[in-house]
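In my numbering, the protein residues as written are 17 to 426.
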Ligand SMILES: Nc1ncnc2c1ncn2[C@@H]1O[C@H](COP(=O)(O)OP(=O)(O)OP(=O)(O)O)[C@@H](O)[C@H]1O
């Protein structure tokens, strides 16, 4: 299967990873008081947040205090950044909570700490381009300017990935095969094939299939020599429902494809006498191989999600009862699927304010109540709770992501 084309740039090909990751200074910005840390526009207009200035400033000089009841934990970024072996971070959660912003800011932070990093969006509704304020829609790796170590971004077109699957399956088990079998009087086997609901699968692929294929494509090309320089891979995944289906999908596909392959063997022996007449043996063998490969790739995706040594799923949520309930269910499902989870980002927490309006005071109360839920939730209370404040402008572009990342990933 063709690997996503990519044209290496000089910055990537000439890059030598540092021996000691700690030797690369982290981005930090100092702000003279009085200063509202949530006013991004103030930082930009004052010129205090610029890529050239970031290396001169002391690390983590910007401290943000949380507005709601304190739960003093950090993301333990030191643990995330340590080691040169490749690590994968999957960020997921309810739609619109800030998965993309958190994923992009984490990727920028890794790159600023010396890790050649790749950030990938497999969300069918991509917003990585918007987040980086760069066009990433071409389906190829695009260099992101700014961070210290190379940072590349990729939006995988799920439609295209799905088409690939449809092509493989059509030749192997769709109507083509059914007609072929009917023609040979193998209606019974055709019915068995029907039971596998393969036709349905082709017409309306289950949510998660395109994402699983997209992830498997990334795994595939990351195995090549050309891309082994990437030590951190950050995935911006699709909203919760898709992720959950994606996790059960490999089992479903594994079983279905397994059955199809068995069936194929039966058909193959039953028709050995006449298959030469049809002259299709070679095509069918090729399709079988492709299907088997697809099955292996699905298994790899599942293994990657479950690999405690290299992978971590980070749940992103917001401080509302609905979002937290959904996060709790997500965690339960991830645990069932043996997917390692350590961190929970609570994004968009209201910043402190001396004079709350009525609306803000109500909102703050709601947020406090929601965060209290996390503390008593059996699925979420054991996670490292990371607080991310609501800022007053959209997070777009590397400097803004750097700013957000320095508040979240500490
Ligand atoms: N901490 C924050 N403060 C202010 N705005 C934020 C914050 N986090 C995210 N946003 C904004 O919220 C919007 C949605 O964020 P984002 O695209 O990151 O969410 P998402 O979970 O990836 O969404 P989707 O599920 O639609 O892909 C964006 O406009 C983003 O700039």
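Don't be surprised by glycine CBs; every beta carbon is placed ideally from N, CA and C.
None of these values were measured; they are calculated from a predicted model.
With H, G and I counted as helix, E and B as strand and the rest as coil, what does DSSP make of residue i?
i, result
"residue 417", "helix"
"residue 333", "strand"
"residue 249", "strand"
"residue 43", "Caution applies to residue 43, whose pLDDT of 36 falls short of 50 and renders its modelled position unreliable; the value that the coordinates give is listed next. Residue 43 falls in the coil class under three-state DSSP."
"residue 164", "coil"
"residue 62", "Legend: pLDDT at residue 62 = 38, less than 50; position of this residue unreliable, no value from coordinates given."
"residue 407", "coil"
"residue 325", "coil"
"residue 387", "helix"
"residue 359", "strand"
"residue 364", "strand"
"residue 351", "helix"
"residue 138", "coil"
"residue 116", "helix"
"residue 171", "strand"
"residue 396", "coil"
"residue 152", "coil"
"residue 103", "strand"
"residue 346", "helix"
"residue 320", "helix"
"residue 144", "helix"
"residue 238", "helix"
"residue 401", "strand"
With a threshold of 7 Å, establish whether the CB of residue i neighbours any heavy atom of ligand 1.
i, result
"residue 173", "no"
"residue 128", "no"
"residue 255", "yes"
"residue 387", "no"
"residue 139", "yes"
"residue 161", "no"
"residue 112", "yes"
"residue 407", "yes"
"residue 404", "yes"
"residue 2", "An answer regarding residue 2 cannot be provided, because it is not within the stretch 17 to 426 covered by the chain."
"residue 364", "yes"
"residue 309", "no"
"residue 426", "no"
"residue 143", "yes"
"residue 115", "yes"
"residue 369", "no"
"residue 147", "yes"
For residue i, which of the options has the nearest alpha-carbon?
i, options, result
"residue 352", "171, 322 and 388", "322"
"residue 126", "145, 108 and 93", "93"
"residue 361", "344, 415, 354 and 355", "344"
"residue 162", "316, 415 and 424", "415"
"residue 167", "235, 142, 95 and 136", "136"
"residue 99", "355, 408, 326 and 392", "326"
"residue 334", "106, 115 and 398", "115"
"residue 366", "403, 140, 331 and 165", "403"
"residue 408", "368, 142 and 377", "368"
"residue 95", "145, 328 and 354", "328"
"residue 255", "243, 235, 413 and 227", "227"
"residue 242", "132, 128 and 392", "132"
I'd like to check one pair, residue j with residue i: are the Cβ atoms closer than 8 Å?
i, j, result
"residue 170", "residue 160", "no"
"residue 249", "residue 134", "yes"
"residue 104", "residue 251", "yes"
"residue 401", "residue 390", "yes"
"residue 232", "residue 102", "no"
"residue 109", "residue 332", "yes"
"residue 172", "residue 130", "no"
"residue 347", "residue 395", "yes"
"residue 399", "residue 355", "no"
"residue 146", "residue 412", "yes"
"residue 106", "residue 253", "yes"
"residue 235", "residue 320", "yes"
"residue 363", "residue 97", "no"
"residue 424", "residue 149", "no"
Taking CB distances under 8 Å as the criterion, tell me whether residue i reaches chain D.
i, result
"residue 114", "This model lacks chain D altogether, as it is built from one protein chain only."
Item to check | Segment contact, 8 Å Cβ cut-off, at least three pairs: the region 415 to 422 with the region 108 to 128 | outcome: They touch, by the three-pair rule.
Next on the checklist: Does the contact criterion of 3 or more C-beta pairs under 8 Å hold for the region 138 to 154 versus the region 373 to 380?
Outcome noted: Counting Cβ pairs under 8 Å, fewer than three are found: no touch.
Next on the checklist: Check whether the region 386 to 397 and the region 329 to 344 are in contact - that is, three or more C-beta pairs closer than 8 Å.
Outcome noted: Contact between the region 386 to 397 and the region 329 to 344 is established, with three or more Cβ pairs separated by less than 8 Å.
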